[in-house]
Each structure stands twice: as C-alpha cells, then as structure tokens.
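Shown next, in structure tokens, is the structure this report addresses.
Number of protein chains: 2
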Amino acid sequence: MQLYQAPLRDMRFVLHELHRDDGFGGLARFEQFTPDLLDAVLEEAGRLASEVLLPINASGDIEGCRIENGVVRTPAGFREAYDRFREGGWCALAADPRYGGQGLPEAVNKLFEEMICAANVSFSLYPGLTRGATIAIEGYGTEDLKNAYLPKLVEGRWSGTMCLTEAQCGTDLGLLRTRAVPRQDGSYGVTGSKIFISAGEHDLTENIVHLVLARLPDAPAGVKGISMFLVPKYLPNADGSLGPSNGVSCANIEHKMGIKASATCQLDFDDSTGWLLGRPHKGMEAMFTMMNSERVSVGIQGLGLGEAAYQGAVAYARDRLQGRSLAGSRRPDLPADPIIVHPDVRRMLMTMRAYNEGCRAIAGWVARAIDAERHSADAETVRRAGDFVALMTPVVKALFTDLGFETANLGVQVYGGHGYIREHGMEQHVRDARIAMIYEGTNGIQALDLVGRKLGAHYGRYLRAFFHPVSNFIEANGQHPKLGGMVQALGQAFGALQLATATIARKGMKDPEEAGAAGTDYLRLIGLVAMGHVFAKAALIAVEKLEGGDPESPFYKAKLDTAAFFFDRILPGTMALFMAIKAGKESMMALDEAAF
Amino acid sequence: MQLYQAPLRDMRFVLHELHRDDGFGGLARFEQFTPDLLDAVLEEAGRLASEVLLPINASGDIEGCRIENGVVRTPAGFREAYDRFREGGWCALAADPRYGGQGLPEAVNKLFEEMICAANVSFSLYPGLTRGATIAIEGYGTEDLKNAYLPKLVEGRWSGTMCLTEAQCGTDLGLLRTRAVPRQDGSYGVTGSKIFISAGEHDLTENIVHLVLARLPDAPAGVKGISMFLVPKYLPNADGSLGPSNGVSCANIEHKMGIKASATCQLDFDDSTGWLLGRPHKGMEAMFTMMNSERVSVGIQGLGLGEAAYQGAVAYARDRLQGRSLAGSRRPDLPADPIIVHPDVRRMLMTMRAYNEGCRAIAGWVARAIDAERHSADAETVRRAGDFVALMTPVVKALFTDLGFETANLGVQVYGGHGYIREHGMEQHVRDARIAMIYEGTNGIQALDLVGRKLGAHYGRYLRAFFHPVSNFIEANGQHPKLGGMVQALGQAFGALQLATATIARKGMKDPEEAGAAGTDYLRLIGLVAMGHVFAKAALIAVEKLEGGDPESPFYKAKLDTAAFFFDRILPGTMALFMAIKAGKESMMALDEAAF
C-alpha cells in the first residue's frame with residue numbers, strides 16, 4: 336500500500352515564513368487570498384491527493400493504458416477521478432480569471448502540483464499538459480483562438496498536449512519534418528507523425544487540443560523554420576459544440592518503464608486543420624514559453640515522488656523490526672528494534688528528507704519569482720524576478736528530478752527486498768521518477784541551457800539575481816552566534832561556485848566545449864548552494880522560533896536538525912564538483928571515438 | 336535490441352597483465368591452464384553469452400515466470416538455453432574436479448560470470464545459486480551428502496537455492512522461525528515458510544536442492560540457534576534416481592521490478608526431510624561461506640549490467656544524430672552530428688566506462704586472492720589473501736552494485752526518451768540492476784560488515800592486506816615522470832582514507848553508532864581508492880606499452896584516457912566522503928523519531 340499525506344506544515348512554512356524577505360515584494364493581485372484561505376485550499380488539495388488520486392496510483396500502474404483501434408483507454412478509475420478533479424475546479428486553480436481560472440499564485444499552485452505528483456504522477460500529466468497548452472495559447476493565440484479554446488481548457492473539459500518530438504528528432508528540433516500548408520481560409524493543413532506525446536489520446540476529456548511544431552512551405556532549415564500550430568482532435572463549431580474529427584489519429588502507445596497510466600502516444604496528423612500560434616517560423620519562442628513552465632513542473636514531479644517515497648520509507652522504518660540498536664536495545668519489549676534506530680537507515684531517511692525540504696524551499700522561492708515576474712507593478716522587480724526564473728528553471732528541472740530519483744531509490748533501499756516487489760509500491764516510484772530526468776529536455780540539456788545560455792546572458796545578469804541574495808545573506812549572518820559555522824560553510828561552497836563560474840566563463844569564452852564539459856557538475860553545484868542557502872535561512876528562522884519558545888517547537892527543531900544534516904553530509908559534495916569542473920574538458924574528450 | 340559482446344581485450348588485460356605483481360604468487364594447481372587456453376575459454380563463453388543468453392533476455396523480461404498449481408514455468412527459451420549451458424559444461428567451470436568440475440581459477444570464472452550477467456542476469460541466477468549451494472555442501476557436508484549431491488549439482492542436472500529469508504526476517508536472521516525436528520534415522524523434519532527464494536522452483540532441472548536455515552528444538556534464541564539443512568525437492572534414491580516428493584511446495588512467485596525471468600519463490604516446507612550441514616546451531620557459519628561467495632558474485636552482476644548498458648549506450652551515441660558539435664560541425668554530410676560528439680554525452684559514456692573498467696580490475700584482483708586463499712601452498716599467502724578477500728567482499732558487493740545501477744541509469748539517459756521505453760532494452764538493465772543493491776545483504780549491511788566486523792578484526796589486519804600494496808605503490812611511483820601527478824592524487828585520496836579509518840576506529844571504539852554512521856561513505860571511499868589504485872597501475876602499464884610502441888597502442892591509449900578521466904572526475908568524490916565521515920553521527924541521529 337502506498338502512503339501519502341500532503342506535508343502541510345512544511346508547505347505552510349515555505350509559503351508563509353521562509354521567503355518573506357525574498358525582495359520581490361507583495362503583489363496587489365493576490366491580496367484577496369488571505370493566508371487562511373490559501374491554507375484551506377492546500378488542505379483540500381491534500382485530501383484530493385490522498386483520497387482520490389492515491390488510491391488509483393498502483394492500480395493504474397498495473398493496468399496501464401490500452402489502445403484498441405486507435406482508441407486509448409486510461410486505467411479503471413481515472414475517468415471518475417478526472418471528473419472529480421475537474422468538477423472541484425482544480426484544473427482552473429492557477430489559470431487566468433479572464434478565462435474562468437481562479438488566479439491563485441504559482442507559490443500555491445506549485446505546492447498543489449507537488450501533491451498531485453506525489454499521489455499519482457501519471458494522472459498529473461493529463462491536467463499538467465493542459466496547463467502548458469493554456470499558457471502557450473494565452474501568450475500567442477489570437478483573441479478568437481483564446482475565446483474558443485481557453486475557457487474549455489481552463490475548465491478541464493478539453494485537454495492539451497505538446498507535439499514536438501518526432502522519431503528522428505527529440506533534443507534537436509531543427510530536424511523535424513511535420514509540415515503545415517496554408518489554406519485560403521487562414522487555417523493550415525498539418526501533416527506528419529509525432530512520438531512520445533503525453534496525453535496525446537485518452538478518454539478523459541471531450542476534446543484534445545494539440546500544440547504542434549511544424550514547418551511552413553517557405554520555412555528556413557533548422558530551428559529557425561519551425562512554427563507552432565493549434566490542432567484540435569475535433570474541430571469545434573462556432574457555438575463551441577464539437578464538430579467533425581480532424582484527421583488526428585493515435586497509431587500506438589508506448590510500453591514504458593513507468594508512468595504507465597499516462598498514455599504516451601504516437602500521433603499521426605493527416606492534413607489536419609490547424610491555426611498558427613504566434614508568428615511564422617517563430618514557433619520555438621512559443622514552444623519555450625510553454626516548455627519553461629513545464630520544466631519547472633517536471634522538477635516538481637521529482638519532488639512529489641521524493642516526498643511519497645520518504646513517507647513510505649518512514650512508515651516502514653518505524654514498523655519493520657530487524658536487529659537491535661548499536662547503542663543497546665531500544666525496544667526490549669519487541670523481538671527486535673524498529674529499523675529506524677539504525678544509523679544507516681537514518682542516513683537514508685535524513686537524506687530523503689533533506690532533499691525534499693530543500694527542493695520544496697527552492698521551489699517556493701522560484702514560484703514567488705514567477706508570480707512577481709507575471710504580476711509585479713515594479714519594472715525592476717519584474718526584470719529581476721524574470722532573471723531569477725530564467726536561471727533557476729534548468730536547475731529546478733534537473734536538480735529536482737535527479738534528487739527525486741535518488742530519493743525514490745533510497746525509498747526502495749529502506750524496504751530492502753520488500754521494496755523490490757510490487758506490493759508496497761516503492762519500486763513504482765522509481766520507475767515513475769525515471770522519466771522526469773529525460774522529458775522536457777534531458778538533464779544534460781538543462782545543464783547546457785544553464786552554462787550555454789543562462790550564465791553569459793546580459794553579462795551575467797541572470798546569475799546576479801541569485802548571487803546577490805546569497806552573498807548578502809552570508810555577509811549578514813556569518814557571525815550568527817548559533818549558526819555562524821553553517822553560514823560560513825555556505826560561504827565556502829558559494830566561493831567554490833563563484834570560482835567555478837569564473838573558470839567556465841574564462842574557458843568557455845574561447846571553447847564552448849569547455850562550458851559543455853562543466854555543465855552537469857555546475858548545475859549540481861549551483862543547486863546545492865541554493866539548497867544550502869534556503870536551509871541556512873530556514874535554520875535562522877527555526878532558531879528564532881525556538882528561542883522564542885514557539886508552541887510548534889518540534890517542527891522548528893526538526894527543521895534545524897535537517898539543516899544540520901544537509902550541511903554535514905550533503906553540502907561537502909560541492910568541493911568534489913568544484914574539482915571536477917576545474918579539471919576541464921581534456922580527459923572527457925580525449926578518447927578516440929573508435930575506441931569507445 | 337539489446338547489445339552485448341564480451342569485452343575480451345580488457346578481460347585479458349585484467350587476467351594476464353594488470354595483477355602480475357599481486358604478491359600472491361603463482362599457483363601450481365593452475366599451471367595446466369595456459370593463457371591461450373584461458374583466452375579460448377573466455378572467447379567461447381562470450382559466444383555463449385551473446386548467442387544463447389542475450390537473445391532471451393528481453394523476451395524473458397516481458398514474459399516473466401508463471402506459476403500454476405505450484406508449478407513454475409520459466410519464459411520461452413530458458414529451458415533450451417539452460418540445456419545448452421549445462422551440456423557445454425559451463426555449470427562445472429570453476430567447480431572442484433573431484434565432483435566433475437573443471438577447476439578453472441576464480442580469476443577466469445568471475446570474468447565468465449560478468450559475461451553471463453551482462454547478457455541475462457535473470458538466467459545467471461539459476462546456475463549462480465547452484466554454485467553457492469555447491470560451496471556450502473563442499474565445506475560442510477558429510478562425505479555421503481557430498482557424493483550424493485555434488486556431482487549432480489556440478490553437472491547442473493540439479494540446481495541449488497539458499498533459503499534464508501522469512502516474512503518477518505531478512506537482515507536479522509535471529510528472528511527466523513522455521514524449525515527442524517531430529518528423527519531416528521539421523522535426518523530432520525523441516526517445517527516452515529521462506530520467502531524471496533531465487534530459483535526456488537522452476538522447470539530447468541530435475542531436482543532442486545534447498546539449503547535451509549532452521550532452528551533445532553533445543554536451539555538457543557537468536558542467530559546462535561540457527562542450523563543449516565540440505566532439503567531436496569525430490570528425495571534421491573540410493574542409486575541417484577529421483578524418489579518421492581519431499582513436501583516442499585511453491586506457494587507463490589513475486590511480482591518484481593526486474594529480473595522477471597528469475598523465479599522468486601515463496602516456499603513452504605512441510606515436515607520435509609533434511610540433513611544437517613555442519614554443526615548444530617552453527618548454521619550461520621555455513622551460511623556465510625555460501626553468502627560471502629554470493630556477495631562477490633552479486634557485485635559482478637552490477638558490473639555485468641554496467642557493461643551491457645555501456646555497450647548499448649555507445650552504439651546509440653554513435654548512431655543517433657542530434658545537434659552539432661560545440662566545436663563546429665563534425666559530420667556536415669549528415670543532417671546532424673552523432674551525439675557522441677557532445678561533451679555531456681561523453682561525460683556519461685566515460686563515467687560508465689571508468690566504472691566498468693575499474694570494477695573489472697578490482698574484481699580481477701579479488702578473484703586472484705580467492706584463488707590464492709584456496710590453493711596457495713604458502714600459509715602466509717593464504718592468510719594475507721584471505722584477509723584481502725574478507726575486507727573486499729563487502730566493498731565489491733556494494734560498490735559494484737551501486738555503480739552498476741548508476742551506469743545502467745546513465746545508459747537510459749544517453750538514449751533519452753528512447754531509453755525509457757521497452758524497445759531498446761535499456762530500462763530493463765536499470766530494473767534488473769536495482770535488486771543487486773539489496774539481496775545477499777543490503778548495501779547498508781555491507782557497509783556495517785566493513786566498519787563493524789572487518790576494520791577492527793585482528794587489530795586491523797584485514798585492512799593492511801589492502802593498505803600495504805597501495806602505499807607501496809604510491810611510494811614507488813609518486814615521482815613517475817609521466818604519471819607522478821596521478822599517483823600523488825591517489826596518495827591524497829589514500830591519506831583521506833587513512834584519516835577516515837583512524838577517525839572511525841577512535842570514535843567507533845567508544846560508540847558503535849559512530850561506526851554505523853560512517854559505514855556507507857567509508858565503503859565508497861575505500862572503493863574509490865581501490866579503483867584509483869588499479870587505474871594508476873593500469874596507466875603505468877599503458878605508458879610502458881605506448882613508449883615501447885606496442886602494436887595494440889589504441890587499447891593502451893584508451894586505458895590511459897579512461898584512467899585520466901577517473902582521476903579528474905571521479906576520484907575527487909573522496910574528499911566529500913571524507914568530510915561527511917568526519918562530521919560524525921550527531922546530525923544523523925538528532926531528529927526525534929516522532930518528527931520524521
């Protein structure tokens with residue numbers, strides 16, 4: 336049996352306490368949402384996750400999706416769960432009120448996404464892709480398209496997809512072949528074959544709105560010749576009812592390692608009617624609007640699965656009796672002590688916990704920046720928040736999914752042999768988490784985005800949006816009577832990050848392969864420094880609360896303990912990363928291709 | 336399609352070149368086996384792996400084992416493959432010639448095991464468990480039992496199992512409940528239920544010989560009251576033919592994450608006839624004889640799967656066209672460059688390669704020690720080799736399986752989305768590799784064995800069997816004109832290992848939880864130092880060969896490149912491990928149990 340209860344206390348900590356001084360300021364738009372109201376939303380969302388989505392997670396994995404004559408069936412219970420999800424207004428949570436959305440902050444929405452992913456990541460992809468499509472249509476659709484599609488998508492009556500990948504091209508979209516031919520009436524005939532389309536075909540919604548990358552007849556070669564089209568499964572009539580089928584067919588669904596309840600489709604478009612989104616040949620721009628939002632959400636998948644794995648592991652570690660504490664029997668009344676007494680089991684649980692809390696804290700920071708970038712009235716704040724989001728998007732995507740996978744694996748390890756069998760659902764978390772390191776741009780691509788695009792942009796401006804708050808924090812708190820040592824350790828790691836940045840900037844200017852060789856280690860390094868920063872901030876708050884005799888002192892003591900573990904056991908990895916980066920590309924590139 | 340060709344050149348390097356100065360001396364027993372003969376055996380074994388076992392690996396995963404009315408069926412082709420395996424004499428490769436074995440050195444047998452695991456790890460478990468059972472019967476059986484069982488097991492006509500785990504006890508065998516009641520005729524009636532029994536029931540052999548841990552009526556509580564029994568599925572008649580069924584039934588098989596073609600059985604023993612192996616209540620001793628051998632073999636599983644993943648990834652990286660080299664287009668004749676040009680893809684491939692070559696080199700070293708411990712005529716050598724094997728057994732088991740899993744995951748990552756679907760077989764490697772970190776003692780238990788039992792034994796004597804050759808090597812080669820830097824880096828890591836050892840010895844003496852808290856990081860630390868040692872040795876040989884203008888210079892250049900990568904990118908991890916160990920147990924144990 337899989338377990339999951341939304342970690343509401345830590346979520347409230349991230350939402351209300353940790354980032355109060357984030358420098359982005361309050362947003363008038365959200366003043367209507369009192370903390371009590373947001374807490375109530377989170378509580379309700381937690382119930383939805385535990386009571387509606389969790390119970391069909393393991394069964395969905397076992398049953399998987401099926402295809403018969405092009406019709407895709409989701410596993411038992413998914414249809415009903417989706418109806419409840421939609422009827423509860425959850426599809427609309429963070430969407431624009433102009434189209435029926437509730438307009439809640441991303442800072443809440445990301446916590447909501449974490450819960451949904453923790454309970455059922457396969458399920459999460461159906462509304463998740465819709466949200467990405469909504470963002471792209473909002474950004475690039477004509478008023479007619481917005482009015483025709485957004486209300487249905489926001490309501491969740493229709494769903495969305497991103498149709499990018501083709502058999503010969505995933506990372507390198509410049510190779511794509513799907514073509515779009517303009518018609519007299521302003522629409523386009525879209526023809527081609529797409530693979531790996533999540534939620535490409537299913538039985539949860541009345542219509543599916545595909546956002547398809549394709550080439551116009553006069554398109555330049557490569558990525559500069561790609562346009563984006565909106566192609567519905569059924570063409571809507573003027574009154575919003577569904578008209579004829581639009582030549583989109585599902586040829587097959589994939590047999591995957593995990594997320595088996597998510598239909599991953601091969602879609603064929605046969606002169607299907609589509610409408611241009613954005614400008615001709617500028618589809619990559621529209622795609623990245625959607626993709627960047629999705630990348631943060633994919634990071635959240637890693638976090639959600641990590642939290643689910645953690646909770647499962649804790650329950651088992653409390654319950655399973657094996658051996659005796661090395662410090663002497665703790666439960667002489669039982670035939671053996673629960674395994675949570677063993678240092679190595681604690682090492683695993685604390686690592687999982689630190690990763691989850693650290694990622695959640697970073698996610699909360701980034702989500703507030705997303706909100707500020709979208710809604711702040713202050714141009715400087717919008718710029719700075721946008722810089723921070725641009726920098727952190729690849730970090731959130733790659734760091735969270737790497738750590739989520741590691742955490743899911745630790746969950747299995749705590750269970751021993753019982754983790755490897757289907758019964759407890761721990762191995763499903765591993766299989767489900769594995770894809771997040773790959774889709775929406777592999778984690779290697781995230782690293783390349785970070786060192787290749789983000790570091791150098793505007794002479795390092797994006798980086799400053801992160802470096803400034805960190806260095807200010809270190810300067811302000813390096814002599815803290817209780818936490819000075821922690822802050823100084825952060826300072827050392829931050830120093831290594833600064834040196835690594837300078838090394839990459841210097842070498843990478845002359846030789847882009849040097850930047851490429853450093854990317855993955857650099858992304859992890861910046862991620863660990865960010866995590867150190869949020870843990871040190873959290874520890875500061877915790878110390879204050881504990882000194883003030885806060886009634887919730889167990890929560891704050893635990894926060895402090897987790898921070899200490901992070902600094903003792905995880906942050907030292909930054910030194911190894913720094914040394915690896917310093918070594919440069921030579922030994923990475925030396926081996927002759929023929930010798931592999 | 337999965338790919339695998341035995342890496343014969345590197346295997347020959349490990350077998351004939353790398354460890355010539357291992358200090359264990361030559362063994363008269365093996366003089367009959369010329370290098371040419373051994374190479375021919377390896378070549379033939381490679382063919383068996385690629386041509387017989389690999390083709391049924393993916394299909395076996397999809398089909399899995401089935402159980403109907405207690406009868407277990409292996410997937411299509413397994414029976415035929417097993418027959419070919421057996422008829423080819425492969426079951427008998429390393430077994431004692433007294434019972435029909437061919438008596439080849441473990442140094443060859445471990446390479447053979449690597450091939451079998453790379454091609455089909457599920458299959459490997461059927462003969463693998465037999466080998467473990469053979470070792471236990473050789474060590475603890477009466478002459479009658481040896482004569483009745485060993486020839487059949489060595490021939491592979493019968494197979495073996497290890498029946499340890501019960502629902503309430505895995506790691507902590509002291510909790511086991513299966514009981515054995517003595518009978519008048521000297522046999523015992525064994526009754527109880529065992530779970531997670533690999534190859535517990537199947538259709539490959541005529542009989543299955545279970546080695547079962549159980550308690551005698553007068554047994555003291557805990558692990559000091561466990562005895563080992565030989566319990567066949569069918570009772571053999573005096574003439575060796577099969578007699579009646581022995582009350583052993585398979586109640587169920589597990590649904591597992593991977594190794595689906597290996598039947599993992601729940602076995603019920605109902606007053607089944609068994610014979611005592613070894614002394615009453617001393618079953619743990621017999622069990623560990625078998626278990627220690629199995630632990631090294633499980634490590635080899637990690638290596639084998641890592642090699643299979645590497646080969647699959649290299650083939651794809653050469654074939655898949657995406658993007659252009661950061662250093663300028665390499666293949667302007669193609670629509671894009673093969674992804675092997677990208678630094679981050681090379682980072683993954685080089686990491687996989689370094690792990691595989693490093694583990695193979697360590698395995699070769701340990702295998703030679705196993706041979707020397709068993710067969711050397713010199714008592715001092717037997718002692719020293721035995722010390723080295725005792726120390727390295729948990730390291731091989733945990734390090735190789737951790738790295739094998741990481742390598743399998745990198746294999747998926749190189750494939751991107753295509754790695755996550757069933758088609759290429761890369762995700763199967765991940766699922767198959769995951770169990771090796773768990774069974775035959777979780778990797779946390781290996782770490783505890785290392786720091787709790789092995790470090791302190793005989794005042795650190797085991798450790799000296801490793802430290803002496805490493806420090807001698809560093810001293811002898813620190814000023815090497817070409818590789819001095821590499822050897823000095825090894826010296827630094829070795830220094831960290833020595834300090835970590837002293838820290839654990841000092842703290843752990845007073846507080847065993849301190850040793851427990853350090854275990855996993857310490858095991859990785861010693862493992863990386865061992866890998867650094869074998870890579871530096873290999874590099875020395877390579878430099879000599881290259882300076883001598885060896886006709887195989889591409890092989891030696893590749894060896895040197897891989898060693899350089901290891902020292903640049905992987906060895907620095909030792910510093911982080913050292914810092915984590917130094918931090919001690921405090922933050923690991925601080926969190927209140929209720930606060931998790």
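Protein sequences, first through last, are from chains A and B.
Counted the way our numbering counts, the first sequence spans residues 336 to 931.
Counted the way our numbering counts, the second sequence spans residues 336 to 931.
Note that beta-carbon positions come from the ideal geometry of N, C-alpha and C, so glycine has one too.
- Using a CB distance cut-off of 8 Å, Ala877 of chain A does not count as an interface residue toward chain B.
- For Phe531 of chain A, the C-beta contacts it makes with chain B under 8 Å involve Gly752, in order along the chain.
- Judged by DSSP secondary structure, Ala586 of chain A falls within the beta strand (DSSP E) whose first and last residues are Val583 to Ile588.
- Counting only Cβ-Cβ distances below 8 Å, Lys920 of chain B has contacts in chain A at Pro678, in chain order.
- Chain A has a Cβ within less than 8 Å of the Cβ of Ile773 of chain B.
- In the DSSP assignment, Val558 of chain A forms no beta bridge with any residue.
- Looking only at B:Met685, B:Ala586, B:Gly412 and B:Arg665, the smallest Cα-Cα distance to Glu642 of chain B is reached by B:Met685.
- The beta carbon of Met772 of chain A sits closer than 7 Å to the beta carbons of Thr736, Asp737, Phe740 and Asn778 from its chain, once the five residues preceding and following it are set aside; these are given in chain order.
- With a threshold of 8 Å between beta carbons, Arg695 of chain A makes no contact with chain B.
- For Thr855 of chain A, the enclosing alpha helix (DSSP H) stretches over residues Pro847 to Glu882.
- In the DSSP assignment, no residue is bridged to Asn444 of chain A.
- Nearest Cα to Gly521 of chain A within the set A:Ala596, A:Ala852, A:Ala648 and A:Leu480: A:Leu480.
- Counting the other CB atoms within 10 Å of its CB gives His545 of chain B a total of 16 or more, which places it among the buried residues.
- Listed along chain B, no residue sits closer than 8 Å to Leu669 of chain A by beta-carbon distance, the nearest being about 10 Å off.
- Within the same chain, and ignoring the five residues on either side of Arg904 of chain A in sequence, no residue has its Cβ closer than 6 Å to its Cβ.
- Between Gly436 of chain B and Ala427 of chain B, the C-beta spacing is below 8 Å.
- Unbroken alpha helix (DSSP H) runs of no fewer than 4 residues, entirely contained in the region 728 to 766 of chain A, are found at 752 to 755, following chain order.
- The alpha-carbon separation between Leu439 of chain A and Thr469 of chain A amounts to approximately 15 Å.
- In the DSSP assignment, Pro889 of chain B falls within the unbroken alpha helix (DSSP H) covering Ser888 to Phe900.
- Here Asn691 of chain A is buried. Its C-beta has 16 or more other C-beta atoms within 10 Å.
- Annotation for Glu501 of chain A: Leu510, Leu511, Arg512, Thr513, Gly527, Ser528, Lys529 and Ile530 place their beta carbon closer than 8 Å to its own, counting only its chain and skipping 5 residues before and after.
- From the beta-carbon of Gly637 of chain A, no residue of chain B is found nearer than 8 Å; the closest lies around 14 Å away.
- Nearest CB-CB separation between Leu661 of chain A and chain B: below the 8 Å threshold.
- Check the Cα spacing between Gly663 of chain B and each of B:Asp654, B:Tyr651, B:Arg653 and B:His677: the tightest is with B:His677.
- Relative to the Cα of Leu577 of chain A, the nearest Cα in the group A:Cys585, A:Val805 and A:Glu541 belongs to A:Glu541.
- By the rule that beta-carbons nearer than 8 Å mark a contact, Ala915 of chain B touches chain A.
- Taking a contact as a CB-CB distance under 8 Å, the pair Leu818 of chain B and Ala871 of chain B counts as one, their CB atoms being some 7 Å apart.
- For Lys591 of chain A, the chain B residues whose C-beta falls within less than 9 Å of its own C-beta are Tyr755, Ile756, Arg757 and Glu762, listed in chain order.
- Annotation for Met687 of chain A: Gly641, Ala644, Tyr645, Ala648, Thr742, Leu745 and Gly746 place their beta carbon closer than 8 Å to its own, counting only its chain and skipping 5 residues before and after.
- Collapsing the DSSP output to three states places Glu473 of chain A in a helix.
- DSSP places Ala792 of chain B within a helical segment (H, G or I) once states are collapsed to three.
- For Cys504 of chain A, the closest Cβ of chain B is nearer than 8 Å.
- When B:Val525, B:Met844, B:Thr608 and B:Arg659 are compared, the shortest CA-CA separation from Asp507 of chain A is found for B:Arg659.
- A residue is called buried once 16 or more other Cβ atoms fall within 10 Å of its Cβ, and Glu849 of chain B is buried on that count.
- DSSP, read as helix, strand or coil, puts Asn392 of chain A in helix.
- In this structure, Leu343 of chain B and Glu378 of chain B form a Cβ contact; the two beta carbons are roughly 6 Å apart against a cut-off of 8 Å.
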